[in-house]
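Trainee:
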Amino acid sequence: MFKRRHLPLWLTPPALLATWLVAFNVPAGNMITPAHADEMTPAQLFNIHCAACHSIELPQTQRLGRNDWNWVMDDMVKYGMTWLTPEQREKIVDHLVENYGPDAPR
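Heads up, the sequence shown is in the UniProt record's numbering, so the first residue is 1 and it goes up one at a time.
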């Protein structure tokens with residue numbers, strides 16, 4: 001009979017969440033409060049909301065324009081990323097276009 005394998009303790013969802021919160025200096029409680037998020041730079045918003053799952057190399061290699069980045073953000077909403085305000089989303093898209101768009105310096 002096969003033994004059931006368990007994940008190492010550091011790979012459990014609570015441990016991964018705690019690591020993420022510490023790594024990105026996210027305030028405890030409600031994770032990121034609206035006031036705290038409004039004070040964040042576009043790069044910080046990207047690092048917390050996007051780079052938590054995706055590597056920074058992903059936008060660097062894609063070099064998408066504004067319409068395509070908006071499509072990507074719409075697609076992420078389908079996967080459950082529903083907590084961004086319209087202003088935060090726009091900041092992230094602006095950051096992506098400015099730094100990783102087709103006309104951005106390489």
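By construction, the Cβ of each residue, glycine as well, lies at the ideal position given by its N, Cα and C atoms. These figures come from a predicted structure and were not determined experimentally.
For Trp69, I'd like the list of residues in its chain whose CB is within less than 7 Å of its CB, leaving aside the five on either flank, ordered along the chain.
Mentor: Counting from 1 along the sequence shown, the entry for residue 69 is found at position 69. Around Trp69: Val93, Leu96 and Val97.
Trainee: Identify whether Ala43 lies in helix, strand or coil by the three-state DSSP scheme.
Mentor: Counting from one through the sequence shown, the residue named residue 43 turns up at place 43. In this structure, Ala43 counts as helix in the three-state DSSP scheme.
Trainee: Figure out for me which residue from Ala52, Asn99, Gln60 and Thr61 has the closest Cα to the Cα of Met76.
Mentor: Counted from its first residue, the sequence shown places residue 76 at position 76. Among Ala52, Asn99, Gln60 and Thr61, the Cα nearest to that of Met76 is on Ala52.
Trainee: I need the DSSP call for Gly29, collapsed to helix, strand or coil.
Mentor: Against the sequence shown, residue 29 aligns to sequence position 29. Reliability of the predicted coordinates at Gly29 is poor, the pLDDT of 45 falling under 50, and the value obtained from them is presented with this limitation in mind. Three-state result, Gly29: coil.
Trainee: Which same chain residues, not among the five before or five after Arg66, have their C-beta less than 8 Å away from its C-beta?
Mentor: For the purposes of this step, residue 66 is taken as the residue at position 66 of the sequence shown. Closer than 8 Å at the Cβ level, and outside the excluded window around Arg66, lie Val93, Val97 and Gly101.
Trainee: Please list the terminal residues of the continuous alpha helix (DSSP H) segment that includes Asp94.
Mentor: In the sequence shown, counting from the first residue as 1, residue 94 sits at position 94. From DSSP, the alpha helix (DSSP H) with Asp94 extends over Pro86 to Tyr100.
Trainee: Suppose you measure from the CA of Glu87 to the CA of Arg63; what does that come to, to the nearest Å?
Mentor: On the sequence shown, position 87 is the one that residue 87 refers to. On the sequence shown, position 63 is the one that residue 63 refers to. Rounded to the nearest angstrom, the two C-alpha atoms are 22 Å apart.
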